[in-house]
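Going by the UniProt record's numbering, 148 is the number at position 148 of the sequence shown; the sequence numbering is gapless. Worksheet: one structure, shown below.
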Amino acid sequence: MSFAPFDVQPVANRIRTLVPDLRLVGLAADYAAVKSLRDFTPPSVFVVLAQEKFQENAPGHGQRGEQVKITQRGLVAVGVVIVGRNYREQHGAQLSGAMNTLIKNVRAQLSGWVPDVPGARPLQLQRGDLLQYDDATALWCDVWQTQTLIGAEAQ
């Protein structure tokens, strides 16, 4: 039985192990600690839990005061913020070749990978967005989706 939020640490570990030359693979606290775009250290990746959205079960039965064992299936969104150098285009209209390669390498390791959590399904890319850039650094965020289970059958 598990009620814990989705653990993004295995996602970060996979990136750390399989994407060479990253200076840092951090989590939400590491990402939040950076106060300015110029304070990021490219190439780096930050993995954050973006959202969990659980499906309702059919109404069940139970006695007043009783806690009934249920299991819920949920969709999980994981944000992967990729930090790279952006020397090619001063206006951010086009990412540098090195940044595109970094995005490609991270995506190649996550697409179709099944995290070791109850009810997980292969990761699928939902979207990618350019979050911020200047003449030296770019932040790109890929949002990945998988499934998880909480409750009585989650082990």
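Every residue gets a Cβ at the ideal spot worked out from N, C-alpha and C, and that includes glycine.
Look at the beta carbons and you see the segment 8 to 17 touching the segment 73 to 83: at least three pairs across the two are nearer than 8 Å. Burial check for L102: the Cβ neighbour count within 10 Å reaches 16 or more, so the residue is buried. Of all alpha-carbon atoms in G151, V45, T17, the one lying nearest the alpha-carbon of D30 is that of V45. In the three-state scheme derived from DSSP, where H, G and I count as helix and E and B as strand, Q147 is classed as strand. Note on L139: 16 or more other CB atoms within 10 angstroms of its CB, so buried under the neighbour-count rule.
G74 is classed as buried because its beta carbon has at least 16 other beta carbons within 10 Å across all chains shown.
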